[in-house]
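Let me begin by presenting the structure, written as structure tokens, before commenting on it.
Protein chains in written order, with my numbering: chain H, 315 to 560; chain D, 11 to 148.
This is the structure in structure tokens:
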């Protein structure tokens with residue numbers, strides 16, 4: 315068991331430099347240490363100016379996504395011991411502009427997320443006296459997988475389509491739209507369809523499948539997108555053959 | 011702080027990293043994706059090839075025989091062999107995507123993805139058997 319490992323950490327200090335550079339630090343690597351522990355060690359003991367996001371340290375807040383040895387990872391769920399002798403190279407998430415060091419600007423994703431209305435849309439709320447909106451376990455199962463998304467944006471970092479065409483609405487936004495489309499209480503599918511069926515919506519996806527591979531919560535955004543393509547195709551056929559509605 | 015690196019709290023100077031021209035060589039899955047995209051050229055080639063065959067048949071026996079001998083030339087054989095490989099890749103990708111796009115319920119229960127995928131391959135097998143049967147029967 316090695317007692318230390320080299321972390322190569324990307325730095326970008328916009329007030330000093332116009333390109334990213336790398337700092338190398340030796341950090342301890344007990345078997346329970348994850349990459350985030352290494353970064354915290356650097357920040358606490360070696361160089362307090364290192365900037366990065368993190369919050370829960372338990373794979374649920376989705377803040378600490380970074381590129382570790384070329385792969386998008388949640389740094390709180392990626393053990394240093396997985397990298398053997400090292401070195402471990404930590405960079406900001408790909409496909410997003412970098413604000414500083416390991417911090418990316420997530421504004422683009424946030425604006426896209428809001429466009430798909432990731433909340434329950436009701437045409438009319440039923441009166442309180444009628445009680446709650448009930449669901450069967452089967453109805454819950456329909457969307458539960460997509461509700462696991464923690465918006466960590468690893469899927470955007472893995473998606474070459476988003477890298478090449480930043481207008482693409484992207485995997486997580488589509489998976490979250492599906493989470494609500496498939497909810498039996500929701501009535502907003504047609505509003506979401508307008509956004510999702512745009513050229514930069516589902517049709518931008520060419521099924522590379524990397525989003526699903528990197529997803530730390532097994533959401534399968536690629537599956538959600540292919541499923542929605544089928545729905546959109548069926549809907550457009552319906553409106554073509556039955557313009558006045560079935 | 012130099013003038014060149016003006017940076018204020020409310021207007022960050024982002025570092026934008028362009029995607030490399032060779033991004034598709036960086037990962038196996040990216041490369042497989044590009045091959046799959048390229049497969050459309052070969053799908054188009056098979057359509058053209060089929061149309062040429064139909065035209066040759068419509069122009070009589072002589073023309074059909076000429077088409078057959080042209081098809082047997084090493085270059086066309088090679089092109090068709092490569093095309094076949096790309097079509098198979100195209101089909102496998104499609105069959106992989108299909109179970110994830112189709113959520114089938116039977117008797118209120120969701121059919122597992124494996125079954126949906128297997129049904130597609132069975133469909134392919136059935137279609138192939140019919141084609142072989144027609145070819146051998148003729």
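Heads up, the beta-carbon is just placed ideally off N, CA and C, and yes, glycines get one too. Remember, predicted model here, so these are calculated numbers, not experimental data.
Item, Value
"Within-8 Å CB hit, residue 322 of chain H to chain D", "no"
"Interface residues of the region 21-44 of chain D facing chain H [CB-CB below 8 Å]", "22, 23, 24, 25, 26, 27, 29, 33, 34, 36, 37, 39, 40 and 43"
"Per DSSP, the bridge partner or partners of residue 379 of chain H", "H:388"
"Runs of alpha helix (DSSP H) wholly within the region 425-476 of chain H (minimum 4 residues, chain order)", "451-461 and 468-472"
"Residues from the region 536-556 of chain H in contact with chain D, defined by Cβ distance under 8 Å", "536, 537, 540, 541, 543 and 544"
"Sub-8 Å separation of residue 485 of chain H and residue 539 of chain H beta-carbons", "yes"
"Helix, strand or coil at residue 65 of chain D [DSSP, three-state]", "helix"
"Stretch-stretch touch, CB-based, cutoff 8 Å, three pairs: the region 463-478 of chain H with the region 543-553 of chain H", "no"
"Beta-carbon neighbours of residue 392 of chain H, restricted to chain D and to distances below 7 Å", "Per Cβ cutoff of 7 Å: no residues; residue 392 of chain H is ~18 Å from chain D at best."
"Interface flag, residue 111 of chain D vs chain H, CB-CB below 8 Å", "yes"
"Proximity of residue 503 of chain H and residue 460 of chain H at Cβ, strictly below 8 Å", "no"
"Bridge partners - residue 115 of chain D, DSSP secondary structure assignment", "D:120"
"Nearest candidate by alpha-carbon position, reference residue 507 of chain H, set H:362, H:343, H:432 and H:397", "H:432"
"Listed by chain order, chain D residues near residue 419 of chain H by CB distance under 9 Å", "22 and 24"
"Min CB distance residue 129 of chain D to chain H below 8 Å", "no"
"Residue-chain proximity (residue 11 of chain D, chain H), Cβ-Cβ < 8 Å", "A caution first: residue 11 of chain D carries a pLDDT of 39, below 50, which makes its placement in the model too unreliable to give a value."
"Within chain D, partners of residue 334 of chain H - CB distance below 9 Å", "25 and 27"
"DSSP state of residue 322 of chain H mapped onto helix, strand, coil", "strand"
"Local conformation of residue 414 of chain H per DSSP, three classes", "strand"
"Contact check, residue 267 of chain H vs residue 22 of chain D, beta carbons under 8 Å", "This structure cannot speak to residue 267 of chain H, because chain H is shown only from 315 to 560."
"Validate contact between the region 89-108 of chain D and the region 127-136 of chain D using beta carbons, cut 8 Å, 3 pairs", "yes"
"Neighbour flag for residue 344 of chain H against chain D, beta carbons, 8 Å", "no"
"Reference residue 95 of chain D; option with closest CA among D:63, D:36, D:46 and D:141", "D:46"
"Any 3 or more C-beta pairs closer than 8 Å across the region 519-531 of chain H and the region 40-56 of chain D", "yes"
"Spatially closest choice to residue 453 of chain H from H:323, H:558 and H:497, by CA coordinates", "H:497"
"Cβ shell of residue 499 of chain H (< 8 Å), same chain only, five flanking positions each side left out", "434, 436, 447 and 449"
"Delimiting residues of the alpha helix (DSSP H) encompassing residue 363 of chain H", "Counting along the chain, residue 363 of chain H falls outside any alpha helix (DSSP H), and DSSP gives it neither H nor E."
"Cβ-based burial, residue 466 of chain H [other Cβ within 10 Å; buried from 16]", "buried"
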